[in-house]
Amino acid sequence: MASQVLVAANRGPLSYALSDQGTLSARRGGGGLVSGLSAALAQQPEALWICAALSEADREAVRRGVAEPGVRMLDIDPTVYDDAYNGIANSVLWFTHHHLYNVPREPVFDARFRQQWQSYVAYNKAFAEALAEEAAEGARVLVQDYHLALVPGALRELRPDLRIAHFTHTPWASYEFLRMLPDDIRSQLMWGMLGADVVGFHTWAWAHTFMGGAHLDDERGIAQPMSPAGTGGERYIQKSPWSPVRHKRTDVAVYALGVDADELRALAHRPEVDEKLAQLRAEVGDRKAIVRVDRTELSKNILRGLLAYRELLTVHPEWRGRVVHLASAYPSRQDLKVYREYTESVRELAEEINAEFGTADWRPVLVSVKDDFARSLAAYRMADVALVNPVRDGMNLVAKEIPVVSEAGCVLVLSTGAGAYQELRADALTVNPFDVTETAEALHAALSMPDEERAGRTQRLAAAATALPPSAWFTAQLDALA
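What follows is the structure, given as structure tokens:
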């Protein structure tokens with residue numbers, strides 16, 4: 004039966020495991036996007052989620068016709084998928100939007116890049132065709148993230164009757180970085196995005212850089228600015244060669260994703276979290292806890308955070324033996340060499356700090372380089388200080404989650420590069436993500452803050468963090484397509 008509400012995302016709500024006996028079992032997928040969308044879609048039982056088969060077990064489930072209600076997995080050729088996901092989405096678009104290039108050496112757009120880009124086009128086309136096949140007349144389609152930037156334009160060509168939104172969970176590249184892309188590739192990227200009726204971002208900072216990128220191609224006739232559209236954001240006339248719909252308007256809007264306080268607190272008080280909490284308290288004792296939880300992602304700035312902690316212990320020796328840095332660093336994209344090297348650098352720097360300052364009864368850094376959600380939630384509950392210092396981040400929900408869960412109240416040290424900065428800066432201690440000394444002094448101020456001030460800041464941070472929980476975030480985007 005055709006669906007009136009469809010979601011497209013690279014990762015689905017489920018992943019499969021294949022046993023030695025050949026039986027398949029399903030489990031809930033990981034990641035903040037999956038968690039947020041799963042909660043929101045629970046209120047839309049007729050909705051369909053289209054995603055990619057990520058593993059051999061997922062592809063086997065597709066081949067066997069194993070179908071979970073409300074989910075369709077696409078069995079995309081593994082080579083095409085790897086080129087699209089690792090070659091383009093994670094090695095080009097992610098680096099472009101997060102400004103991560105080592106410019107004297109990167110990027111290099113050669114014949115291999117062009118081959119991978121064709122895989123990215125094919126991957127997006129597969130999603131567009133599946134959406135066109137499954138959507139009812141006039142259905143609403145929500146396309147998620149930079150992996151599927153070409154889907155709106157391709158889908159518009161196939162089904163001009165549909166109402167299409169695209170939401171980008173990352174930042175959007177500045178003019179200087181976007182223009183690094185070859186002209187034809189950048190044009191395809193903008194044509195794809197402007198195939199949507201509404202293009203959404205977490206903050207106006209990213210929305211404005213997107214609109215600036217559209218201006219790059221004004222002379223090619225891709226997009227021209229019109230008068231402001233009130234709550235819908237700025238308007239554009241789209242002239243996409245993929246679309247039979249000429250002079251179409253695209254609204255640019257902002258939906259600042261928050262957290263569901265009740266669900267998060269319930270997760271944080273499960274028995275397995277209580278067990279992890281007891282273990283951490285035994286290690287930390289009555290010392291203060293500086294907590295960070297990240298993937299070992301280059302943009303998260305973990306190394307400078309550790310350097311700031313080391314400078315804190317050097318410049319303010321009164322904190323030696325009185326504070327512990329609880330760092331959870333989930334391994335990320337370990338199939339890419341640069342990420343494996345970064346993960347190892349995190350381990351090495353943590354050990355250097357422990358060797359330099361540690362004593363028989365005090366380990367300054369307790370770092371966990373593994374995927375351990377229960378430990379992270381336990382650390383949230385213990386946090387006296389939350390350190391969130393990305394160089395550039397679409398939102399960073401950790402900055403919102405810790406104040407909601409922290410039991411004694413926490414001070415948030417937040418970099419200006421986080422998308423959450425716009426909402427939380429009034430009650431956070433904000434820092435330049437590249438300034439290690441400023442970050443060290445902010446940690447000192449956070450550890451020294453009086454309890455009453457800390458409690459007030461935490462309360463206001465939690466209120467801001469829960470202003471637009473996932474269900475309301477999803478509904479707002481659906482309503483914009485009504």
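Numbering (my numbering), first residue to last: 4 to 485.
We treat Cβ as the ideally placed atom computed from N, Cα and C, and that holds for glycine.
Separation of residue j from residue i, as counted between CA atoms
i: S18; j: L77; result: 13 Å
i: T253; j: W120; result: 25 Å
i: I79; j: R162; result: 22 Å
i: E347; j: V276; result: 27 Å
i: R75; j: L450; result: 49 Å
i: P48; j: K303; result: 35 Å
i: V8; j: L315; result: 51 Å
i: L158; j: L484; result: 15 Å
i: L134; j: R166; result: 12 Å
i: W209; j: D61; result: 34 Å
i: L432; j: H101; result: 23 Å
i: A176; j: A217; result: 11 Å
i: M385; j: L481; result: 37 Å
i: R378; j: S122; result: 38 Å
i: D374; j: P334; result: 7 Å
i: V10; j: V124; result: 19 Å
i: Y258; j: Q147; result: 13 Å
i: I405; j: A465; result: 8 Å
i: R350; j: S371; result: 9 Å
i: S474; j: H169; result: 17 Å
Residue from the options with nearest C-alpha to residue i
i: A381; options: L369, V69 and L280; result: L280
i: A467; options: G261, R378 and Y333; result: G261
i: D311; options: Y333, V296, R343 and E441; result: Going by the sequence as given, residue 311 is Ala instead of Asp. A311 has its Cα closest to that of E441, out of Y333, V296, R343 and E441.
i: F437; options: L306, A470 and L464; result: L306
i: M398; options: W322, H205, R295 and T212; result: H205
i: W207; options: R295, D86 and H172; result: H172
i: T99; options: L151, P155, R189 and E59; result: R189
i: S409; options: A55, M183 and R268; result: R268
i: W322; options: T469, L446 and A92; result: L446
Residues that DSSP places opposite residue i in a beta bridge
i: C413; result: C413 pairs with nothing; no bridge assigned.
i: R31; result: L17
i: V407; result: Beta-bridge pairing links V407 to no other residue.
i: L77; result: A55
i: L329; result: V294 and L369
i: A391; result: Reading off the sequence, residue 391 comes out as Val, not Ala. For V391, which the question treats as bridged, DSSP gives the partners L417.
i: A11; result: I53 and V146
Three-state secondary structure (DSSP) of residue i
i: G546; result: No information on residue 546 is available, as it lies outside the stretch 4 to 485 that the chain covers here.
i: E222; result: Bear in mind that a pLDDT of 45 at E222, under 50, signals an unreliable position, so the model cannot answer this.
i: S94; result: helix
i: A468; result: helix
i: H100; result: helix
i: D375; result: coil
i: Q425; result: helix
i: D396; result: strand
i: V69; result: coil
i: Q227; result: Confidence at Q227 is low in this model, with a pLDDT of 41, below 50, so its placement is unreliable and the value that follows should be read with caution. Q227: strand per DSSP, three-state reduction.
i: Q47; result: coil
i: L192; result: helix
i: V349; result: helix
i: T362; result: strand
i: T433; result: strand
Any chain B beta carbon closer than 8 Å to residue i
i: E354; result: Judged by its chain identifiers, the structure shown contains no chain B, having just a single protein chain.
key: Length-filtered (4 minimum) alpha helix (DSSP H) runs lying within the region 111–171   = List check, alpha helix (DSSP H) in window: 114–137 and 154–161.
task = Can you check the region 249–318 for any beta strand (DSSP E) of at least 3 residues that lies completely inside it and give the ranges in chain order?
result = Complete beta strand (DSSP E) runs here, min 3: 251–257 and 291–298.
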